[in-house]
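Peer 1: Right, I'll just put the structure down here and ask away after.
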Amino acid sequence: MTQTELETILHEGEEYQLEFKENVNSDLSKEMVAFANSSGGRILIGIDDDSKLKGVSINNELKSRIQTIANDCDPRIDIRLETFQNVLIIHVPEGTEKPYRCNKGFYIRNGANSQKMDTGQIVNFVQQEGRIKFDEQIKVKTNYKKIFKPELLKTFLKIANIPQIMGDEDILRNLNVLNKDNLYLNNAGILFFTEKPGDYINQCIVTCGLYKGTEKIHILDRKDINADFITTINEAIIFLTKHLNVSYKIESIQRQDILEIPEIALREAVINAVTHRNYFEDGANVMIEIFDDRVEISNPGGLPKGLEPKDFGKKSVRRNPLIANLFQRVRFIEKMGTGINRMKQEVLNAGLQEPQYEFTGFFTILFKRPIAEKVEEINNKLGDKLGDKLGDRLGDKLGDTELKILELIFLDKNISITKLSEKVGVSTTAIENNLNKLKEKGILKRIGKPKTGHWEIIKPD
(Lines of atoms letter the chains of each structure in order from A and count residues from 1; the text may use other names and numbers.)
(Lines give C-alpha, C1' and ligand atoms only; values in the text may rest on other atoms or scores of the structure.)
Protein backbone atom coordinates (compact mmCIF):
# COMPACT_ATOMS: atom_id res chain seq x y z
CA MET A 1 0.00 0.00 0.00
CA THR A 2 1.13 3.55 -0.70
CA GLN A 3 0.34 6.82 1.07
CA THR A 4 -1.76 7.97 -1.89
CA GLU A 5 -3.79 4.76 -1.81
CA LEU A 6 -4.37 5.07 1.94
CA GLU A 7 -5.54 8.66 1.55
CA THR A 8 -7.94 7.60 -1.22
CA ILE A 9 -9.32 4.80 0.96
CA LEU A 10 -9.86 7.16 3.88
CA HIS A 11 -11.64 9.60 1.59
CA GLU A 12 -13.95 7.06 -0.09
CA GLY A 13 -14.71 4.96 3.02
CA GLU A 14 -15.87 1.38 3.42
CA GLU A 15 -17.27 -0.56 0.49
CA TYR A 16 -18.01 -4.10 -0.70
CA GLN A 17 -14.39 -5.26 -0.52
CA LEU A 18 -13.13 -2.94 2.19
CA GLU A 19 -13.81 -2.91 5.95
CA PHE A 20 -12.39 -0.61 8.68
CA LYS A 21 -11.81 -1.67 12.29
CA GLU A 22 -10.31 0.50 15.00
CA ASN A 23 -8.89 -2.54 16.78
CA VAL A 24 -9.10 -6.33 16.86
CA ASN A 25 -12.30 -7.47 18.50
CA SER A 26 -14.76 -10.35 18.46
CA ASP A 27 -16.39 -9.10 15.24
CA LEU A 28 -13.24 -9.72 13.20
CA SER A 29 -14.12 -13.34 12.51
CA LYS A 30 -17.48 -12.46 10.94
CA GLU A 31 -15.78 -9.93 8.63
CA MET A 32 -13.31 -12.61 7.54
CA VAL A 33 -15.96 -15.22 6.71
CA ALA A 34 -18.12 -12.59 4.97
CA PHE A 35 -15.26 -11.72 2.62
CA ALA A 36 -14.36 -15.38 2.11
CA ASN A 37 -18.00 -16.17 1.25
CA SER A 38 -18.13 -13.25 -1.18
CA SER A 39 -15.43 -11.91 -3.52
CA GLY A 40 -12.65 -11.43 -1.00
CA GLY A 41 -11.51 -8.10 0.41
CA ARG A 42 -9.33 -6.20 2.85
CA ILE A 43 -9.79 -5.41 6.53
CA LEU A 44 -7.82 -2.36 7.72
CA ILE A 45 -7.04 -2.40 11.45
CA GLY A 46 -6.37 1.07 12.91
CA ILE A 47 -9.17 3.03 11.16
CA ASP A 48 -12.50 3.73 12.86
CA ASP A 49 -16.01 3.62 11.36
CA ASP A 50 -15.82 7.33 10.52
CA SER A 51 -12.75 6.72 8.34
CA LYS A 52 -10.48 8.40 10.88
CA LEU A 53 -6.91 7.10 11.06
CA LYS A 54 -6.35 6.00 14.67
CA GLY A 55 -3.42 3.63 14.24
CA VAL A 56 -2.71 0.45 16.12
CA SER A 57 0.30 -1.02 17.89
CA ILE A 58 1.53 -3.73 15.53
CA ASN A 59 3.52 -6.59 17.06
CA ASN A 60 3.86 -10.35 16.73
CA GLU A 61 1.27 -10.96 19.45
CA LEU A 62 -1.37 -9.03 17.46
CA LYS A 63 -0.47 -10.83 14.23
CA SER A 64 -0.64 -14.20 15.98
CA ARG A 65 -4.04 -13.37 17.44
CA ILE A 66 -5.42 -12.46 14.01
CA GLN A 67 -3.99 -15.62 12.48
CA THR A 68 -5.65 -17.71 15.20
CA ILE A 69 -9.01 -16.09 14.44
CA ALA A 70 -8.59 -17.01 10.76
CA ASN A 71 -7.58 -20.57 11.64
CA ASP A 72 -10.62 -20.99 13.89
CA CYS A 73 -13.02 -20.27 11.04
CA ASP A 74 -14.52 -23.35 9.40
CA PRO A 75 -12.96 -24.06 6.97
CA ARG A 76 -9.84 -22.15 7.94
CA ILE A 77 -9.17 -18.97 5.97
CA ASP A 78 -5.75 -18.43 4.40
CA ILE A 79 -5.16 -14.73 5.07
CA ARG A 80 -2.18 -12.51 4.29
CA LEU A 81 -1.03 -9.65 6.55
CA GLU A 82 0.51 -6.38 5.40
CA THR A 83 1.78 -3.48 7.46
CA PHE A 84 1.74 0.15 6.34
CA GLN A 85 2.85 2.69 8.92
CA ASN A 86 0.56 2.03 11.92
CA VAL A 87 -2.19 0.30 9.92
CA LEU A 88 -2.42 -3.50 9.73
CA ILE A 89 -4.05 -4.76 6.51
CA ILE A 90 -5.65 -8.22 6.45
CA HIS A 91 -6.03 -9.59 2.91
CA VAL A 92 -8.87 -12.12 2.77
CA PRO A 93 -9.13 -14.05 -0.52
CA GLU A 94 -12.40 -15.32 -1.93
CA GLY A 95 -12.82 -18.79 -0.50
CA THR A 96 -12.55 -21.97 -2.54
CA GLU A 97 -14.45 -24.09 0.01
CA LYS A 98 -17.57 -22.02 0.59
CA PRO A 99 -19.53 -21.64 2.79
CA TYR A 100 -17.31 -20.42 5.63
CA ARG A 101 -18.56 -19.82 9.15
CA CYS A 102 -17.31 -18.48 12.46
CA ASN A 103 -18.65 -19.04 15.96
CA LYS A 104 -21.31 -16.40 15.28
CA GLY A 105 -22.66 -18.12 12.15
CA PHE A 106 -22.49 -17.70 8.37
CA TYR A 107 -21.95 -14.22 6.94
CA ILE A 108 -21.81 -12.66 3.49
CA ARG A 109 -21.03 -9.15 2.23
CA ASN A 110 -24.00 -6.97 1.41
CA GLY A 111 -22.72 -3.65 0.13
CA ALA A 112 -20.37 -2.25 2.78
CA ASN A 113 -21.77 -4.48 5.53
CA SER A 114 -21.36 -8.08 6.66
CA GLN A 115 -24.77 -9.71 6.87
CA LYS A 116 -25.64 -12.87 8.76
CA MET A 117 -27.40 -15.49 6.66
CA ASP A 118 -30.55 -17.19 7.89
CA THR A 119 -31.30 -20.87 7.26
CA GLY A 120 -32.97 -20.30 3.90
CA GLN A 121 -30.14 -18.10 2.69
CA ILE A 122 -27.57 -20.68 3.78
CA VAL A 123 -29.38 -23.42 1.84
CA ASN A 124 -29.62 -21.24 -1.29
CA PHE A 125 -25.99 -20.21 -0.95
CA VAL A 126 -24.78 -23.81 -0.68
CA GLN A 127 -26.87 -24.76 -3.72
CA GLN A 128 -25.52 -21.88 -5.79
CA GLU A 129 -21.97 -22.81 -4.87
CA GLY A 130 -22.56 -26.35 -6.10
CA ARG A 131 -21.77 -27.92 -2.75
CA ILE A 132 -25.12 -29.72 -2.84
CA LYS A 133 -25.90 -31.63 -6.03
CA PHE A 134 -29.58 -31.80 -6.90
CA ASP A 135 -29.29 -35.09 -8.74
CA GLU A 136 -27.76 -36.82 -5.70
CA GLN A 137 -30.47 -35.69 -3.27
CA ILE A 138 -33.49 -37.76 -2.23
CA LYS A 139 -36.73 -35.83 -2.57
CA VAL A 140 -39.27 -38.64 -2.86
CA LYS A 141 -39.18 -40.88 0.21
CA THR A 142 -41.20 -43.73 -1.27
CA ASN A 143 -39.93 -47.27 -1.62
CA TYR A 144 -38.47 -47.41 -5.11
CA LYS A 145 -40.55 -50.50 -6.05
CA LYS A 146 -43.73 -48.39 -6.02
CA ILE A 147 -42.53 -45.89 -8.64
CA PHE A 148 -39.66 -47.60 -10.48
CA LYS A 149 -40.40 -48.88 -14.01
CA PRO A 150 -38.24 -51.95 -14.83
CA GLU A 151 -38.85 -51.54 -18.58
CA LEU A 152 -37.13 -48.14 -18.49
CA LEU A 153 -34.06 -49.72 -16.90
CA LYS A 154 -34.07 -52.44 -19.58
CA THR A 155 -34.19 -49.80 -22.29
CA PHE A 156 -31.37 -47.89 -20.62
CA LEU A 157 -29.17 -51.00 -20.36
CA LYS A 158 -29.86 -51.93 -23.98
CA ILE A 159 -28.87 -48.50 -25.27
CA ALA A 160 -25.81 -48.47 -22.99
CA ASN A 161 -24.88 -52.00 -24.13
CA ILE A 162 -24.71 -53.18 -20.51
CA PRO A 163 -25.60 -56.86 -19.96
CA GLN A 164 -28.22 -57.44 -17.26
CA ILE A 165 -26.36 -60.01 -15.18
CA MET A 166 -27.60 -58.67 -11.82
CA GLY A 167 -30.99 -57.88 -10.35
CA ASP A 168 -32.59 -54.47 -10.83
CA GLU A 169 -31.79 -53.37 -7.30
CA ASP A 170 -28.07 -54.09 -7.63
CA ILE A 171 -27.91 -52.39 -11.02
CA LEU A 172 -29.62 -49.27 -9.67
CA ARG A 173 -27.11 -49.14 -6.82
CA ASN A 174 -24.20 -49.53 -9.25
CA LEU A 175 -25.63 -46.64 -11.26
CA ASN A 176 -25.64 -44.60 -8.00
CA VAL A 177 -29.36 -43.85 -8.17
CA LEU A 178 -30.58 -46.02 -5.28
CA ASN A 179 -29.51 -45.49 -1.69
CA LYS A 180 -28.29 -48.51 0.22
CA ASP A 181 -30.39 -48.41 3.38
CA ASN A 182 -33.91 -47.14 2.74
CA LEU A 183 -34.26 -48.21 -0.91
CA TYR A 184 -35.16 -44.72 -2.12
CA LEU A 185 -34.38 -43.46 -5.62
CA ASN A 186 -32.42 -40.22 -5.63
CA ASN A 187 -33.49 -37.43 -7.97
CA ALA A 188 -31.43 -38.77 -10.88
CA GLY A 189 -33.11 -42.14 -10.43
CA ILE A 190 -36.54 -40.47 -10.48
CA LEU A 191 -35.66 -38.61 -13.67
CA PHE A 192 -34.45 -41.65 -15.58
CA PHE A 193 -36.42 -44.60 -14.22
CA THR A 194 -39.95 -43.42 -13.43
CA GLU A 195 -42.69 -43.01 -16.02
CA LYS A 196 -43.74 -39.44 -15.18
CA PRO A 197 -40.97 -37.84 -13.13
CA GLY A 198 -42.72 -34.47 -13.33
CA ASP A 199 -45.30 -35.83 -10.89
CA TYR A 200 -42.51 -35.86 -8.26
CA ILE A 201 -40.14 -33.17 -9.58
CA ASN A 202 -42.25 -30.64 -11.44
CA GLN A 203 -39.29 -28.61 -12.71
CA CYS A 204 -38.12 -31.50 -14.90
CA ILE A 205 -40.90 -30.94 -17.47
CA VAL A 206 -39.68 -29.74 -20.87
CA THR A 207 -41.96 -27.31 -22.71
CA CYS A 208 -41.94 -27.10 -26.51
CA GLY A 209 -43.63 -24.26 -28.38
CA LEU A 210 -44.23 -23.25 -32.00
CA TYR A 211 -45.03 -19.59 -32.64
CA LYS A 212 -46.34 -17.70 -35.63
CA GLY A 213 -43.94 -14.92 -36.54
CA THR A 214 -40.93 -13.87 -34.48
CA GLU A 215 -42.58 -13.02 -31.16
CA LYS A 216 -44.30 -14.99 -28.38
CA ILE A 217 -47.79 -13.88 -29.32
CA HIS A 218 -49.58 -16.48 -31.43
CA ILE A 219 -48.98 -20.09 -30.33
CA LEU A 220 -49.52 -22.64 -33.10
CA ASP A 221 -48.51 -25.74 -31.13
CA ARG A 222 -47.36 -26.60 -27.62
CA LYS A 223 -46.21 -29.76 -25.91
CA ASP A 224 -45.26 -30.31 -22.26
CA ILE A 225 -43.07 -33.40 -22.00
CA ASN A 226 -43.34 -35.29 -18.71
CA ALA A 227 -41.39 -38.48 -19.28
CA ASP A 228 -38.18 -40.26 -18.33
CA PHE A 229 -35.18 -38.37 -19.64
CA ILE A 230 -34.38 -40.67 -22.57
CA THR A 231 -37.97 -40.39 -23.80
CA THR A 232 -37.93 -36.65 -23.11
CA ILE A 233 -34.95 -36.11 -25.41
CA ASN A 234 -36.50 -38.20 -28.17
CA GLU A 235 -39.91 -36.49 -27.93
CA ALA A 236 -38.29 -33.06 -28.01
CA ILE A 237 -36.48 -33.97 -31.23
CA ILE A 238 -39.73 -35.30 -32.71
CA PHE A 239 -41.39 -31.94 -31.98
CA LEU A 240 -38.52 -30.06 -33.65
CA THR A 241 -38.43 -32.27 -36.74
CA LYS A 242 -42.22 -32.05 -37.07
CA HIS A 243 -42.18 -28.26 -37.29
CA LEU A 244 -38.89 -27.51 -39.03
CA ASN A 245 -38.50 -27.69 -42.79
CA VAL A 246 -37.08 -30.76 -44.51
CA SER A 247 -35.44 -30.96 -47.93
CA TYR A 248 -34.49 -34.12 -49.76
CA LYS A 249 -31.39 -35.47 -51.41
CA ILE A 250 -31.41 -38.55 -53.61
CA GLU A 251 -28.35 -40.77 -53.28
CA SER A 252 -28.38 -43.95 -55.33
CA ILE A 253 -31.89 -45.38 -54.84
CA GLN A 254 -32.42 -43.91 -51.37
CA ARG A 255 -33.85 -40.54 -50.37
CA GLN A 256 -32.04 -38.63 -47.60
CA ASP A 257 -34.09 -36.21 -45.47
CA ILE A 258 -32.17 -33.04 -44.60
CA LEU A 259 -33.50 -30.95 -41.71
CA GLU A 260 -33.01 -27.20 -42.13
CA ILE A 261 -31.00 -27.14 -38.87
CA PRO A 262 -28.89 -30.30 -38.39
CA GLU A 263 -30.61 -32.73 -36.05
CA ILE A 264 -27.31 -33.57 -34.35
CA ALA A 265 -26.87 -29.91 -33.36
CA LEU A 266 -30.43 -29.64 -32.06
CA ARG A 267 -30.04 -32.86 -30.10
CA GLU A 268 -26.83 -31.63 -28.48
CA ALA A 269 -28.57 -28.41 -27.45
CA VAL A 270 -31.57 -30.22 -25.95
CA ILE A 271 -29.36 -32.66 -24.02
CA ASN A 272 -27.20 -29.78 -22.79
CA ALA A 273 -30.29 -27.92 -21.50
CA VAL A 274 -31.72 -30.96 -19.70
CA THR A 275 -28.36 -31.99 -18.25
CA HIS A 276 -27.11 -28.65 -16.99
CA ARG A 277 -30.22 -26.74 -15.90
CA ASN A 278 -30.45 -25.60 -12.30
CA TYR A 279 -33.03 -27.98 -10.83
CA PHE A 280 -33.11 -26.06 -7.56
CA GLU A 281 -35.03 -23.36 -9.48
CA ASP A 282 -38.55 -24.70 -9.74
CA GLY A 283 -40.34 -21.73 -11.29
CA ALA A 284 -39.43 -22.36 -14.93
CA ASN A 285 -38.98 -25.21 -17.41
CA VAL A 286 -36.45 -26.05 -20.07
CA MET A 287 -37.92 -24.31 -23.13
CA ILE A 288 -37.68 -25.37 -26.79
CA GLU A 289 -39.17 -22.63 -28.94
CA ILE A 290 -39.56 -22.39 -32.71
CA PHE A 291 -40.08 -19.01 -34.37
CA ASP A 292 -40.20 -18.12 -38.07
CA ASP A 293 -36.59 -16.92 -37.98
CA ARG A 294 -34.95 -18.92 -35.19
CA VAL A 295 -35.00 -21.80 -32.73
CA GLU A 296 -34.24 -21.09 -29.07
CA ILE A 297 -33.38 -23.77 -26.51
CA SER A 298 -32.99 -22.45 -22.97
CA ASN A 299 -32.61 -23.74 -19.44
CA PRO A 300 -32.93 -21.99 -16.06
CA GLY A 301 -29.77 -21.29 -14.11
CA GLY A 302 -27.32 -19.73 -16.53
CA LEU A 303 -23.79 -21.15 -16.56
CA PRO A 304 -22.71 -23.51 -13.75
CA LYS A 305 -20.56 -22.13 -10.94
CA GLY A 306 -16.94 -22.00 -12.02
CA LEU A 307 -17.66 -21.55 -15.75
CA GLU A 308 -17.25 -18.10 -17.28
CA PRO A 309 -18.69 -17.09 -20.68
CA LYS A 310 -15.17 -16.76 -22.09
CA ASP A 311 -14.48 -20.40 -21.20
CA PHE A 312 -17.71 -21.74 -22.68
CA GLY A 313 -16.97 -24.50 -25.18
CA LYS A 314 -13.39 -24.79 -23.91
CA LYS A 315 -13.96 -25.92 -20.34
CA SER A 316 -16.51 -28.40 -19.00
CA VAL A 317 -18.21 -27.94 -15.61
CA ARG A 318 -21.04 -30.27 -14.65
CA ARG A 319 -23.79 -28.83 -12.50
CA ASN A 320 -25.49 -32.24 -12.28
CA PRO A 321 -22.69 -34.81 -12.56
CA LEU A 322 -24.88 -37.87 -11.94
CA ILE A 323 -27.36 -36.90 -14.68
CA ALA A 324 -24.42 -36.24 -16.99
CA ASN A 325 -22.90 -39.60 -16.14
CA LEU A 326 -26.15 -41.44 -16.95
CA PHE A 327 -26.43 -39.65 -20.30
CA GLN A 328 -22.80 -40.52 -20.95
CA ARG A 329 -23.50 -44.21 -20.34
CA VAL A 330 -26.11 -44.22 -23.10
CA ARG A 331 -23.71 -42.21 -25.28
CA PHE A 332 -25.93 -39.13 -25.40
CA ILE A 333 -22.97 -37.01 -24.30
CA GLU A 334 -19.18 -37.29 -24.27
CA LYS A 335 -17.19 -37.20 -21.04
CA MET A 336 -14.69 -34.77 -22.53
CA GLY A 337 -17.34 -32.07 -23.00
CA THR A 338 -17.10 -31.81 -26.79
CA GLY A 339 -20.83 -31.37 -27.40
CA ILE A 340 -20.84 -27.58 -27.85
CA ASN A 341 -18.01 -27.69 -30.39
CA ARG A 342 -19.68 -30.58 -32.24
CA MET A 343 -22.92 -28.62 -32.37
CA LYS A 344 -21.14 -25.57 -33.74
CA GLN A 345 -19.34 -27.60 -36.40
CA GLU A 346 -22.52 -29.34 -37.57
CA VAL A 347 -24.24 -25.99 -38.09
CA LEU A 348 -21.27 -24.49 -39.93
CA ASN A 349 -20.95 -27.58 -42.13
CA ALA A 350 -24.59 -27.07 -43.13
CA GLY A 351 -23.74 -23.56 -44.32
CA LEU A 352 -25.65 -21.87 -41.49
CA GLN A 353 -24.70 -19.15 -39.05
CA GLU A 354 -22.88 -20.19 -35.90
CA PRO A 355 -25.22 -20.67 -32.91
CA GLN A 356 -25.53 -17.69 -30.57
CA TYR A 357 -25.37 -18.01 -26.77
CA GLU A 358 -26.98 -15.88 -24.10
CA PHE A 359 -25.84 -16.05 -20.46
CA THR A 360 -28.36 -14.52 -18.07
CA GLY A 361 -30.55 -16.12 -15.40
CA PHE A 362 -31.18 -18.57 -18.24
CA PHE A 363 -28.68 -20.15 -20.59
CA THR A 364 -29.99 -19.94 -24.17
CA ILE A 365 -28.72 -21.43 -27.43
CA LEU A 366 -30.14 -19.66 -30.48
CA PHE A 367 -30.11 -21.20 -33.96
CA LYS A 368 -30.83 -18.87 -36.87
CA ARG A 369 -33.18 -20.53 -39.35
CA PRO A 370 -32.05 -20.33 -43.00
CA ILE A 371 -35.23 -18.51 -44.03
CA ALA A 372 -33.60 -15.27 -45.20
CA GLU A 373 -31.37 -17.15 -47.64
CA LYS A 374 -34.27 -19.28 -48.88
CA VAL A 375 -36.49 -16.23 -49.42
CA GLU A 376 -33.76 -14.68 -51.53
CA GLU A 377 -33.53 -17.85 -53.63
CA ILE A 378 -37.32 -17.88 -54.09
CA ASN A 379 -37.19 -14.23 -55.09
CA ASN A 380 -34.54 -14.97 -57.71
CA LYS A 381 -36.68 -17.81 -59.02
CA LEU A 382 -39.80 -15.62 -59.24
CA GLY A 383 -37.96 -12.69 -60.81
CA ASP A 384 -38.82 -9.01 -60.55
CA LYS A 385 -42.16 -9.12 -62.30
CA LEU A 386 -43.96 -9.69 -59.00
CA GLY A 387 -42.73 -6.42 -57.57
CA ASP A 388 -40.79 -6.04 -54.33
CA LYS A 389 -38.67 -8.79 -52.84
CA LEU A 390 -40.30 -11.61 -50.91
CA GLY A 391 -38.26 -10.53 -47.94
CA ASP A 392 -40.36 -7.37 -47.96
CA ARG A 393 -43.48 -9.53 -48.40
CA LEU A 394 -43.96 -8.36 -52.03
CA GLY A 395 -45.87 -5.26 -50.98
CA ASP A 396 -49.59 -6.05 -50.97
CA LYS A 397 -49.38 -8.90 -53.46
CA LEU A 398 -48.82 -11.88 -51.16
CA GLY A 399 -50.10 -12.60 -47.68
CA ASP A 400 -48.21 -14.23 -44.83
CA THR A 401 -49.80 -17.63 -45.46
CA GLU A 402 -48.98 -17.51 -49.18
CA LEU A 403 -45.38 -16.60 -48.42
CA LYS A 404 -45.05 -19.47 -45.92
CA ILE A 405 -46.55 -21.91 -48.45
CA LEU A 406 -44.08 -20.80 -51.13
CA GLU A 407 -41.16 -21.19 -48.72
CA LEU A 408 -42.23 -24.72 -47.81
CA ILE A 409 -42.79 -25.73 -51.44
CA PHE A 410 -39.40 -24.32 -52.37
CA LEU A 411 -37.84 -26.58 -49.75
CA ASP A 412 -39.96 -29.61 -50.69
CA LYS A 413 -41.77 -29.64 -54.01
CA ASN A 414 -43.52 -32.92 -53.04
CA ILE A 415 -45.02 -31.57 -49.82
CA SER A 416 -48.63 -32.57 -49.21
CA ILE A 417 -51.57 -30.32 -48.33
CA THR A 418 -51.79 -32.05 -44.94
CA LYS A 419 -48.12 -31.34 -44.22
CA LEU A 420 -48.52 -27.74 -45.35
CA SER A 421 -51.45 -27.41 -42.95
CA GLU A 422 -49.32 -28.72 -40.05
CA LYS A 423 -46.36 -26.49 -40.86
CA VAL A 424 -48.30 -23.29 -41.52
CA GLY A 425 -50.76 -23.81 -38.68
CA VAL A 426 -54.00 -23.37 -40.65
CA SER A 427 -56.67 -25.77 -41.88
CA THR A 428 -56.32 -27.83 -45.05
CA THR A 429 -59.19 -25.81 -46.53
CA ALA A 430 -57.25 -22.59 -45.95
CA ILE A 431 -54.18 -24.18 -47.58
CA GLU A 432 -56.22 -25.17 -50.65
CA ASN A 433 -57.66 -21.65 -50.94
CA ASN A 434 -54.19 -20.09 -50.78
CA LEU A 435 -52.81 -22.57 -53.30
CA ASN A 436 -55.59 -21.61 -55.70
CA LYS A 437 -54.73 -17.92 -55.23
CA LEU A 438 -51.07 -18.62 -56.02
CA LYS A 439 -52.10 -20.51 -59.12
CA GLU A 440 -54.35 -17.64 -60.22
CA LYS A 441 -51.48 -15.18 -59.76
CA GLY A 442 -49.33 -17.33 -62.03
CA ILE A 443 -46.79 -18.07 -59.31
CA LEU A 444 -47.47 -21.75 -58.73
CA LYS A 445 -48.60 -24.77 -60.70
CA ARG A 446 -49.16 -28.45 -60.10
CA ILE A 447 -47.24 -30.91 -62.27
CA GLY A 448 -48.61 -34.44 -62.65
CA LYS A 449 -51.43 -36.23 -60.89
CA PRO A 450 -52.82 -35.10 -57.50
CA LYS A 451 -51.28 -37.98 -55.53
CA THR A 452 -48.03 -38.53 -57.44
CA GLY A 453 -47.28 -35.08 -58.84
CA HIS A 454 -45.32 -32.15 -57.44
CA TRP A 455 -45.46 -28.38 -57.13
CA GLU A 456 -43.49 -25.96 -59.27
CA ILE A 457 -42.84 -22.29 -58.58
CA ILE A 458 -43.13 -20.41 -61.87
CA LYS A 459 -40.62 -17.80 -62.90
CA PRO A 460 -42.54 -15.13 -64.83
CA ASP A 461 -41.40 -14.11 -68.30
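In the numbering used here, the protein residues as written are 419 to 879. Backbone N, C-alpha and C define an ideal beta-carbon position, used for all residues, glycine too. Model, not experiment: these values are computed from the prediction.
Contact between the region 719–733 and the region 593–604 is defined here as three or more beta-carbon pairs at a separation below 8 Å; is this criterion met?
Peer 2: No contact exists between the region 719–733 and the region 593–604.
Peer 1: Can you give the Cα-Cα distance for Val748 and Arg483, rounded to whole angstroms?
Peer 2: Looking at the two C-alpha atoms, the distance is approximately 56 Å.
Peer 1: Looking only at DSSP bridge pairs, what is Val510 linked to?
Peer 2: Note: Val510 sits in a beta bridge opposite Gly459.
Peer 1: Any idea which residues DSSP pairs Gly627 with across the strands?
Peer 2: Gly627 pairs with Arg640 and Glu707.
Peer 1: Compute the Euclidean distance between the alpha carbons of Leu428 and Pro680, then round it to the nearest angstrom.
Peer 2: Computed Cα separation, rounded: 60 Å.
Peer 1: Can you tell me the Cα-Cα spacing of Gly779 and Glu633, whole angstroms?
Peer 2: Answer to the nearest angstrom: the Cα atoms are 20 Å apart.
Peer 1: Is Ala683 a contact residue of the ligand SAH, with contact defined as CB to any heavy atom under 7 Å?
Peer 2: Ligands are entirely absent from the displayed structure, and the ligand SAH is therefore not among its contents.
Peer 1: Which value, in whole angstroms, describes the spacing of the CA atoms of Asn717 and Asn521?
Peer 2: Their backbone Cα atoms lie some 38 Å apart in a straight line.
Peer 1: What separation, rounded to the nearest whole angstrom, lies between the Cα atoms of Glu523 and Glu433?
Peer 2: Looking at the sequence shown, residue 523 is not Glu but Gly. Cα to Cα, the separation comes out at about 22 Å.
Peer 1: Within its chain, find whatever has a CB closer than 6 Å to the CB of Leu556; leave out the 5 residues flanking it on each side and keep chain order.
Peer 2: The identity of residue 556 in the sequence shown is Ile, whereas the question assumes Leu. Result list for Ile556: Tyr602 and Asn604, in chain order.
Peer 1: Who are the Cβ neighbours of Met419 in its own chain at under 7 Å, not counting the five residues just before and after it?
Peer 2: Excluding residues within five positions, the ones whose Cβ falls inside 7 Å are Glu500, Phe502 and Ile507.
Peer 1: Can you tell me where the alpha helix (DSSP H) with Pro739 in it begins and where it stops?
Peer 2: Looking at the DSSP string, the run of the alpha helix (DSSP H) that includes Pro739 is Pro739 to Arg747.
Peer 1: Going by DSSP, what residues sit across from Thr782 in a beta bridge?
Peer 2: DSSP lists Ser716 and Glu776 as partners of Thr782.
Peer 1: Specify the secondary structure class of Glu430 as computed by DSSP and reduced to three states.
Peer 2: Glu430 falls in the helix class under three-state DSSP.
Peer 1: Specify the secondary structure class of Asp553 as computed by DSSP and reduced to three states.
Peer 2: It is helical.
Peer 1: Buried or exposed: His694, going by 16 or more other Cβ atoms within 10 Å of its Cβ?
Peer 2: Classification for His694: buried.
Peer 1: Around the Cβ of Asn851, are there at least 16 other Cβ atoms within 10 angstroms (buried) or fewer (exposed)?
Peer 2: Asn851 is exposed by the Cβ-count criterion.
Peer 1: First and last residue of the alpha helix (DSSP H) that includes Glu587?
Peer 2: Its alpha helix (DSSP H) spans residues Asp586 to Asn592.
Peer 1: Inspect the CB distances between the region 467–475 and the region 434–452 and report whether three or more fall short of 8 Å.
Peer 2: Yes, the region 467–475 is in contact with the region 434–452.
Peer 1: Where does the unbroken beta strand (DSSP E) through Glu500 begin, and where does it stop?
Peer 2: Glu500 -> beta strand (DSSP E) spans Arg498 to Phe502.
Peer 1: For Lys439, which three-state DSSP category applies?
Peer 2: Reduced to three states, the DSSP call for Lys439 is strand.
Peer 1: With a threshold of 6 Å on Cβ separation, who are the neighbours of Asn832 within its own chain once the five nearest residues in sequence on each side are excluded?
Peer 2: Cβ within range, chain order: His872.
Peer 1: By DSSP's criteria, Tyr525 is part of a beta bridge. Which residues make up the other side?
Peer 2: In DSSP, Tyr525 forms a bridge with Lys534.
Peer 1: Tell me whether the beta-carbon of Cys626 lies closer than 8 Å to the beta-carbon of Ile637.
Peer 2: No.
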